[in-house]
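First residue of the sequence shown? That's 318 in my numbering, and the numbers climb one at a time after it.
The C-beta atom is built at its ideal place from N, Cα and C for all residues, glycine as well.
These numbers were taken from a predicted model, which means no experiment stands behind them.
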Amino acid sequence: MATPRWYSALSDALKKSPKSAIYTLATVDASASPPIPRVRSIVHRDFISPAPDSPLLVSTTDIRTPKVHELTSIQPQPLPPGVARNAEIVWWFPGDLNEQYRFSGTIHILPRADHELFKVFPRERLAPEKDENGKPFDWESERLRIFNEKMGDVLRASFARPTPGSPLERYEDAEKWPAELPKTTDLDDKDEDTKAQVKWALENFSLMILEPVTVERVELGVIPNRRTQWERAGKEWTERIVVP
Numbered sequence: 318m319a320t321p322r323w324y325s326a327l328s329d330a331l332k333k334s335p336k337s338a339i340y341t342l343a344t345v346d347a348s349a350s351p352p353i354p355r356v357r358s359i360v361h362r363d364f365i366s367p368a369p370d371s372p373l374l375v376s377t378t379d380i381r382t383p384k385v386h387e388l389t390s391i392q393p394q395p396l397p398p399g400v401a402r403n404a405e406i407v408w409w410f411p412g413d414l415n416e417q418y419r420f421s422g423t424i425h426i427l428p429r430a431d432h433e434l435f436k437v438f439p440r441e442r443l444a445p446e447k448d449e450n451g452k453p454f455d456w457e458s459e460r461l462r463i464f465n466e467k468m469g470d471v472l473r474a475s476f477a478r479p480t481p482g483s484p485l486e487r488y489e490d491a492e493k494w495p496a497e498l499p500k501t502t503d504l505d506d507k508d509e510d511t512k513a514q515v516k517w518a519l520e521n522f523s524l525m526i527l528e529p530v531t532v533e534r535v536e537l538g539v540i541p542n543r544r545t546q547w548e549r550a551g552k553e554w555t556e557r558i559v560v561p
């Protein structure tokens, strides 16, 4: 099982342009009539590879946001990989690179362990054997690691707000919300209100795990331009060159 060439190219692009960590996620609101496309920018947090041929993209979301419903309503879980695609991502690397990556695949939602979506998350199939410290991989530990290590104090606090998209009478009402929240490992000297707010934020904090089915790379930084497509077939990736 070889690492797909698109992953090597993407890793190189990230090394050359480490600030290019934001990509665009497109979903469909199937509850609307007719269905409505939805799009938003999200931040890339990490990669997880249960096997060399299966790199997964990790981002985060509040479990209460509409995109969670949009993703799970289109995807009757559990599913084998590639059966139901519920999202596309476009990732642009500007400057000298001028490269675009487009991913089509299945986004799996990993919430807290007592949430109803936790039981349908394909934990065993998507889990690496070991974590980055060489210990047996555990999804709840991974969710906690990203909450503590990949999120800043301000962003952690955003998960302790009222439900995203709910009505707000005045902008000033937001001043009552916590502006910053510490890591779960830094709570020993904090007051009870702060501890409760961190607990509430962590309950709303979820991972989004993208399992790619097709990947496309467009290289606009070279002349003539290049466009390459990959498609997952079992444990192999087929590759083809197409017209940009």
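- Bounds of the beta strand (DSSP E) holding F522 are F522 to E536.
- Pairing A319 with L331, the inter-Cα distance amounts to about 20 Å.
- For A330, the enclosing alpha helix (DSSP H) begins and ends at R322 to K333.
- Under the Cβ criterion (8 Å, minimum of three pairs), the stretch 517-534 counts as touching the stretch 417-431.
- Per DSSP, the unbroken beta strand (DSSP E) holding E548 starts and ends at R543 to A550.
- Per the C-alpha coordinates, the member of Y324, S390, W517 and V515 positioned closest to P369 is Y324.
- When DSSP reads this structure, L373 sits in a beta bridge with I365.
- Going by C-alpha positions, I406 is about 26 Å away from S483.
- With a contact defined as Cβ atoms closer than 8 Å, L498 and A518 qualify at about 6 Å.
- Each of T555, D505 and L327 was checked against the Cα of L414, and the nearest Cα belongs to L327.
- Around the C-beta of K384, 16 or more other C-beta atoms lie within 10 Å, and the residue is accordingly described as buried.
- If you check the CB distance, P445 and S366 come in under 9 Å.
- Pairing T531 with R543 gives a Cβ-Cβ distance that is not under 9 Å.
- Closest in alpha carbon position to T378, among D470, R557 and P428, is P428.
- Annotation for I463: the continuous alpha helix (DSSP H) segment containing it runs W456 to E466.
- Per DSSP, reduced to three states, the secondary structure at S483 is coil, with no helix or strand assignment.
- According to the DSSP assignment, A343 belongs to no alpha helix (DSSP H) but to the beta strand (DSSP E) extending over I339 to D346.
- Annotation for I424: the continuous beta strand (DSSP E) segment containing it runs E416 to L427.
- Put simply, the backbone Cα of K516 is about 23 Å away from that of H386.
- Secondary structure of I391 (DSSP, three-state): helix.
- For P561, the CB contacts under 7 Å within the same chain, skipping 5 residues up- and downstream, are V535, N542, R543 and R544 in chain order.
- Taking every protein chain shown into account, the CB of A474 has 16 or more other CB atoms within 10 angstroms, so this residue is buried.
- With contacts defined by Cβ atoms closer than 9 Å, A430 and E449 do not form a contacting pair.
- Only buried fits P495, as 16 or more other CB atoms lie within 10 angstroms of its CB.
- Checking the DSSP bridge columns, you'll see T378 partnered with S523.
- E466 and I353 have their C-alpha atoms roughly 35 Å apart.
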